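Reviewing the structure listed below.
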DNA sequence: ATATGACATGAGCTAAATTCATGTTTGTGG
DNA sequence: CCACAAACATGAATTTAGCTCATGTCATAT
């Protein structure tokens, strides 16, 4: 029944916090969980051990004798582990020197800048230069850059590629625009203007290919804007619907300036990767930055 | 980035085992995981802490200075926790006295008996009587039984109900029978005999109701057998297809004496619950048995 | 009595951990 | 020196475990 360790570590941590907090609700608060989660966890712990640990006396929470002993063990064990964690943090190898980073314009100016601050703060002896451009491979090979973040494939044997995140695309528009044009399904896009990076509307192909034949819209009314940021502002003003990488409009979606359309349609994704010369990828400063960026991955990139 | 504890406890346990085992593959063996799982876990641990812990020197596994310190902390912390776990196990409150348990015939004689041994062994001072019958509520209310396990609903305010498991049904037959009658879809059942608890075939309604109209079989050739165990033996001999609770044929399915048919069809499930008088549910012996049975839950019941 | 606060419960869902299939690196024997 | 094998890494798909939501129960206060 108990395969490896008799005690389930996450549950113990919950138990430990619960005793300190004094109530399920308070414990849930500290752990950023709901009261329900704490309750489930404690029920499971008591079942797995087969021992009653908590004495629910009406509205006050007590411990059984066994619970008290377990708490003491937790106190000691977690103190040890937390000390070890602090120790690790202090001994985190710090990057130093100079690092020249390249990235695509849109990604670099939004997401990358937004997340570099903590890394810079943690590594005060590191100086970073950013170069935002579309042509990144050349400078990398010429050693004008040490590390680039790009969504193009560069399959060269001298380069080390580290996947960073998948760029997902969204169709979005201003809330008022959706209402005015009654946008419910992709076909409804025929009725209003759409914003495109190019005049011909090829920009939208990525989306159209993901739409089932039945619902294909006719994109007749195209407004070309050759700059993504400008396109976003145009969309916010209600000039039309747009298709952009989700990361570029994370903030607008959150505060409601734009609303995402047709979540069921999933356009093909691009993959952003970090590229570095293999010979230099081993350097501490490069390794640390790579690791830091990969550590962000969840939905910080909107994927 | 690290919300609660800086160190992810399950990953630490993996790290600890890895160092002891000396290799990823060996560690995976001890933890009943794959090598890949260990690799993923360690990669994540090193990323989250931002510290290199393992020195992969070719074919031998070493530790960095930080890794060594972390291992020592683990050693101490886990020793404490394991000791606490042992302590808990020793102080597990034991049931004693006499407990009269009732259960339905089929469930009691198969699954229940199969799983009671460990509980009895762990509680030598407990004497248990089993009563297997279909009429269980009366004896419970009359205090001839202390605790019953039943799939009927007994919504009485004086009773405490504890859900135990969901009884799923399967259609099955002998492998030869399936071949002989070419059973591919439910409609194929028309071509051969089916076993039923009752002569009229109402026993099969539970299944028929889950079959889409298009595929409804005509159950003309019904062989009535008024006992489930006998029905199972009949099916093994190739006398027909049967419909039974999955738990009653777990063993036969495993060793291939019977094969499950139409896994896509999901007949409605019954729920087995433990019922006890509320006034007696608080007693240690009743609580412990309830907890033990609920702890089994996974697929021990075939659901 | 009824309302209120605190925990329990179940179903459904989401996110994380695991596995599968495959690639990469390092040491070994031909 | 090259091919091979052993040990770990990686990505994608899948499974599982844990969380949340909605609701129920119970004890205490009004």
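Residue numbers (full-length UniProt numbering), protein chains in the order written: chain A, 1 to 303; chain B, 1 to 303. Even for Gly, the Cβ is constructed at its ideal location relative to N, Cα and C. Owing to the predicted nature of the structure, the values given are computational and were not obtained by experimental measurement.
Counterpart residues of residue i in DSSP-defined beta bridges
| i | result |
| --- | --- |
| residue 260/B | 172/B |
| residue 241/B | 194/B |
| residue 222/B | 194/B |
| residue 148/B | 102/B and 275/B |
| residue 161/B | 275/B |
| residue 62/A | 55/A |
| residue 270/B | 167/B |
| residue 97/A | 126/A |
| residue 132/A | 103/A |
Residue from the options whose Cα sits closest to the Cα of residue i
| i | options | result |
| --- | --- | --- |
| residue 251/A | 77/A, 241/A, 232/A and 266/A | 232/A |
| residue 177/A | 234/A, 142/A, 217/A and 161/A | 234/A |
| residue 242/A | 228/A, 254/A and 102/A | 228/A |
| residue 295/A | 273/B, 46/B and 23/B | 46/B |
| residue 135/B | 143/B, 102/B and 32/B | 102/B |
| residue 10/A | 84/A, 65/A, 74/A and 189/A | 74/A |
| residue 144/A | 158/A, 183/A and 99/A | 99/A |
| residue 160/A | 219/A, 41/A and 280/A | 280/A |
| residue 254/B | 172/B, 183/B and 230/B | 172/B |
| residue 137/B | 126/B, 122/B, 125/B and 158/B | 158/B |
| residue 82/A | 86/B, 84/B and 72/B | 72/B |
| residue 68/A | 68/B, 85/B, 40/B and 263/B | 85/B |
| residue 247/A | 156/A, 290/A, 187/A and 111/A | 111/A |
C-beta atoms of residue i and residue j nearer than 7 angstroms
| i | j | result |
| --- | --- | --- |
| residue 265/B | residue 185/B | no |
| residue 285/A | residue 97/A | yes |
| residue 216/B | residue 51/A | no |
| residue 306/B | residue 292/B | Missing from the structure shown is residue 306/B; chain B here goes from 1 to 303 and no further. |
| residue 240/B | residue 223/B | yes |
| residue 206/A | residue 245/A | no |
| residue 154/B | residue 193/B | no |
| residue 288/B | residue 95/B | yes |
| residue 61/A | residue 23/A | yes |
| residue 76/A | residue 80/B | yes |
| residue 204/A | residue 197/A | no |
| residue 165/A | residue 15/A | no |
| residue 28/A | residue 20/A | no |
| residue 54/A | residue 66/A | no |
| residue 49/B | residue 30/B | no |
| residue 162/A | residue 236/A | no |
| residue 195/A | residue 225/A | yes |
| residue 140/A | residue 149/A | no |
| residue 201/B | residue 189/B | no |
Residue i: contacting residues in chain A (beta-carbon distance under 7 angstroms)
| i | result |
| --- | --- |
| residue 252/B | Chain A residues near residue 252/B: none, gap ~25 angstroms exceeds 7 angstroms. |
| residue 9/B | 9, 10 and 13 |
| residue 66/B | 88 and 91 |
Beta-carbon separation (whole angstroms), residue i vs residue j, contact threshold 8 angstroms
| i | j | result |
| --- | --- | --- |
| residue 276/A | residue 146/A | 7 angstroms |
| residue 151/B | residue 270/B | 4 angstroms |
| residue 272/A | residue 167/A | 6 angstroms |
| residue 88/A | residue 70/B | 6 angstroms |
| residue 180/B | residue 258/B | Their Cβ separation, rounded to whole angstroms, is 15 angstroms, which puts residue 180/B and residue 258/B out of contact at 8 angstroms. |
Chain-ordered chain B contacts of residue i [CB-CB under 9 angstroms]
| i | result |
| --- | --- |
| residue 83/A | 73 |
Interface residues of chain B facing residue i [CB-CB closer than 7 angstroms]
| i | result |
| --- | --- |
| residue 70/A | 84 and 88 |
| residue 40/A | Here the premise fails: no neighbours, minimum Cβ distance about 13 angstroms. |
| residue 291/A | 47 and 50 |
Per-residue contacts from residue i into chain A (C-beta, under 9 angstroms)
| i | result |
| --- | --- |
| residue 77/B | 76, 77, 78, 79, 80, 81 and 84 |
Contact list for residue i against chain A, beta-carbon separation under 8 angstroms
| i | result |
| --- | --- |
| residue 123/B | By Cβ distance, chain A contributes nothing, its closest Cβ being about 10 angstroms from residue 123/B, past 8 angstroms. |
| residue 138/B | In chain order: nothing, as chain A lies at least about 31 angstroms away. |
Chain-ordered neighbours of residue i on chain B, where CB pairs are closer than 8 angstroms
| i | result |
| --- | --- |
| residue 102/A | Those within 8 angstroms of residue 102/A in chain B number zero; the least Cβ separation is about 23 angstroms. |
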